[in-house]
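Sequences listed follow chains A and B, in order.
Note that this note's numbering gives residue 224 to position 224 of the first sequence, counting from 1, and the numbers run on in steps of one.
Note that this note's numbering gives residue 132 to position 132 of the second sequence, counting from 1, and the numbers run on in steps of one.
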Amino acid sequence: MLNMGPQHPSTHGVLRLIVTLDGENIVDVQPDIGYLHSSVEKMMEHRTYLQNIALVDRGMDYLTAMANEEVWVLATERLAKIDVPERAKFIRTIMLELQRISSHLIWWGTFGIDLGAFTAFLWAMRERERIMDLFEASTGGRLHHVYFRIGGVNEDLPDGWTQRCAEFCDYFMNRFPEYDQLVTGNPIFQARTQGVGVLTREAAVAMGASGPVARASGVAYDVRKAHPYEVYDRVEFDVPVRTEGDCFARYLVRMEEMRQSVRIIRQCLERMPAGEIRSKVQVNVKVPRGEVYARTESPRGDLGIYLVGDGTDKPYRVKIRAPAFSNLYALTEMMRGWKVADVIAILGSIDIVLSDVDR
Amino acid sequence: MSTQPLWGGNGKKGLAERFWDGAVGLVLGLRSTLKVMFEPKATIIYPEQKANVSNRWHGLLALPIDPETDNDKCIICFQCERVCPDRCIHIEATGKGKDRLLTRFDIEMDKCCYCGLCVEVCPTEAIVFIPHYEASTYNRANLLYDLDDLHAAAPKEPIATGVVRVRGQVAVTGGGGEVRR
Chain A
1 MLNMGPQHPS THGVLRLIVT LDGENIVDVQ PDIGYLHSSV EKMMEHRTYL QNIALVDRGM
61 DYLTAMANEE VWVLATERLA KIDVPERAKF IRTIMLELQR ISSHLIWWGT FGIDLGAFTA
121 FLWAMRERER IMDLFEASTG GRLHHVYFRI GGVNEDLPDG WTQRCAEFCD YFMNRFPEYD
181 QLVTGNPIFQ ARTQGVGVLT REAAVAMGAS GPVARASGVA YDVRKAHPYE VYDRVEFDVP
241 VRTEGDCFAR YLVRMEEMRQ SVRIIRQCLE RMPAGEIRSK VQVNVKVPRG EVYARTESPR
301 GDLGIYLVGD GTDKPYRVKI RAPAFSNLYA LTEMMRGWKV ADVIAILGSI DIVLSDVDR
Chain B
1 MSTQPLWGGN GKKGLAERFW DGAVGLVLGL RSTLKVMFEP KATIIYPEQK ANVSNRWHGL
61 LALPIDPETD NDKCIICFQC ERVCPDRCIH IEATGKGKDR LLTRFDIEMD KCCYCGLCVE
121 VCPTEAIVFI PHYEASTYNR ANLLYDLDDL HAAAPKEPIA TGVVRVRGQV AVTGGGGEVR
181 R
């Protein structure tokens, strides 16, 4: 038996792994979660729909605030049948994809640190800083934006923002070959990830894995394609799928997703119409009685919110389907039979955020 | 490892070829790190250099003084107090009609989550964000901002005319953005 965590630099938060060992081989792994539980779902019942936007930013996955806001406003808009202006939809899509790049960059950097490549982290932070600057210029916040509103977005993009965003896309794509040279082509990195921590297609489906983890195991499923929201049905992008199911496949899927995100941003910047950014919605919007399930593709996978409204300005019940939670429990399947040294590599490759796991 | 052939065949790579691939991969990686080493620095030395923030920055809150009336623009509508998710704004007033007077306007900055909903709902733009991000203090009581503090915190010039320039777009070749002393 080996206790890894709750205070361990490579668990990306407070996670305790109870690893049962036979010599150096892993017999079983049980994640012990709950250290970051903040009962967001209950807290949301005591706040209005508008105030909850500020809450989902930090209460759920703190690295992908935009994706959390998106799933919340999407659920509310569907239940209250509120229309979103066309321009707001494009702005939201751009923000979501920027957030996806920034989240994947953090994962890329920390995965590098986990495997001993410190340069990757510094480079990832350098690029992420520019995305943060873009967010700061349009939303005012760097991590917690509170930018999306029920029926649109808070403020229009500032002057010159689209130009800056396009410049960032060019800059980022110029940098990308360097990433591949530094990490992807590195023989030590390949030796530590190729063939390690294989998750079969059947296991991925059975454990409810989603997002890049499932796509690396051959499950060609992306909510953006299957249930399009915002303008994802109008832009062209590919969903990268690998069949190996190992750490290296998960790595490659995420790297390709970043390229596809840039592709989506460029198309959106090109086609973004002028006009309204927000439809008229009361501050204390009253949502009719009923229930709805909204799902989005967050950088970590299938993020859904089940919302029950009771006709007042506060939700009656909220249930969050967190992608990192399901992905974390696929860990048991991945780790069985590998060595202790592979624990960090496998844990790093599934990209969990503990605030999303525990909520 | 020792049983592997030195030179591969049948589509499999031998030890020597794998060694060569690895060496090439390492050299390529080192080459790009070396290239980046001679680029301008991406970091700023924080306490001495300070980064400019955007003019939408969610920083500290303030009640700017309107020069025409020599008072703030608050009309005591309690909207910000009601919309605040953390209930960190406390407003009290006396009098009726035109004699209405603001007696208390406290913001507990330690509770504030900088969501900006109060700024958004304010009908007269009385409460604004100021581009200031160094609020740390040794005493928690210092984070309770009362009316005088909020008046004093407001910048002399209106925010919209640009007290702080928007952080310049950094060039493609690198660099840490505009910094000011």
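All C-beta atoms in this analysis are idealised placements derived from N, C-alpha and C, irrespective of residue type, glycine included.
Quick caveat: nothing in here was measured; it's all calculated off a predicted structure.
Contact of A/N154 with chain B is assigned, a C-beta pair being separated by under 8 Å.
Judged by DSSP secondary structure, A/I305 falls outside any alpha helix (DSSP H) and instead within the beta strand (DSSP E) spanning 301-309. Flagged as an interface residue toward chain B: A/P187, by a C-beta distance shorter than 8 Å.
Separation of the CB atoms of A/S39 and A/L347 is rounded to 25 Å, and the pair is thereby denied contact status at 8 Å.
In this structure, A/R359 lies near A/G59, with their beta-carbon atoms less than 8 Å apart. Against chain A, the CB of B/C118 has no partner CB under 8 Å away; the residue lies outside that interface. Within the same chain, I82, D83, V84, P85, G151, G152 come within 7 Å of A/S279 by CB-CB distance, once the 5 residues on both sides are set aside. When C-alpha distances from B/L102 are compared across B/E120, B/D72, B/Y133, the shortest belongs to B/D72.
Of all residues in the region 55-79 of chain B, only R56, W57, H58 place a beta-carbon less than 7 Å from a beta-carbon of chain A.
Residue pairing by DSSP puts A/S298 in a beta bridge opposite A/G301. Judged by DSSP secondary structure, A/P315 falls within the beta strand (DSSP E) whose first and last residues are 315-321.
Pairing A/R300 with A/D61 gives a Cβ-Cβ distance under 8 Å. Bridge pairing for B/F129: B/L61 [DSSP]. Residues of the region 30-63 of chain A with a C-beta atom less than 9 Å from some C-beta of chain B are R47, T48, L50, Q51, N52, I53, A54, L55, D57, R58, listed in chain order. Put simply, the region 307-315 of chain A does not touch the region 109-120 of chain A. Fewer than three CB pairs are less than 8 Å apart.
Between A/A209 and A/N327, the gap from beta carbon to beta carbon is short of 8 Å.
Within chain B, the residues placing a beta-carbon under 7 Å from that of A/R126 are A42, ordered along the chain. Residues of the region 259-288 of chain A whose Cβ lies closer than 8 Å to any Cβ of chain B, in chain order: V283. With respect to chain B, the C-beta atom of A/Q99 has no partner C-beta closer than 8 Å.
Scanning A/Y306, A/G337, A/V343, A/E297 for the CA closest to the CA of A/A324 turns up A/E297. Every alpha helix (DSSP H) stretch that sits fully inside the region 188-249 of chain A and reaches 4 residues is listed by chain position as 201-206, 212-216, 223-226. B/K96 has its alpha-carbon roughly 43 Å from the corresponding atom of A/F135. Assignment of B/F78 by DSSP, reduced to helix, strand and coil, places it in the coil class. When Cβ-Cβ separations below 8 Å define contact, A/V318 makes no contact with chain B. Minimum Cα-Cα distance from A/R336 among the listed residues A/Q7, A/L21, A/L252, A/R16 corresponds to A/L21.
Using beta-carbon distances, A/L182 counts as an interface residue toward chain B, with a partner under 8 Å. Using beta-carbon distances, A/E178 counts as an interface residue toward chain B, with a partner under 8 Å. Near chain B, meaning a CB-to-CB distance below 8 Å, the residues of the region 128-157 of chain A are E129, R130, D133, E136, A137, S138, T139, G140, G141, H144, V146, N154, E155. Annotation for A/M43: L55, G59 place their beta carbon closer than 8 Å to its own, counting only its chain and skipping 5 residues before and after. With the criterion set as a beta carbon lying under 8 Å from some beta carbon of chain A, the members of the region 98-127 of chain B are C113, Y114, C115, G116, L117, E120, V121, in sequence order. In the structure shown, A/I94 falls within a helical segment according to DSSP collapsed to helix, strand and coil.
Pairing A/V213 with A/I350 gives a Cβ-Cβ distance under 8 Å. Taking 8 Å as the threshold, the shortest C-beta distance from B/G25 to chain A falls below it. Looking at the backbone, the Cα of A/E70 and that of A/F148 are separated by about 7 Å. Proximity of chain A to B/S32 at the Cβ level (cut-off 7 Å) is accounted for by E178, Q181, L182, in chain order.
With contacts defined by Cβ atoms closer than 8 Å, B/E108 and B/C88 form a contacting pair.
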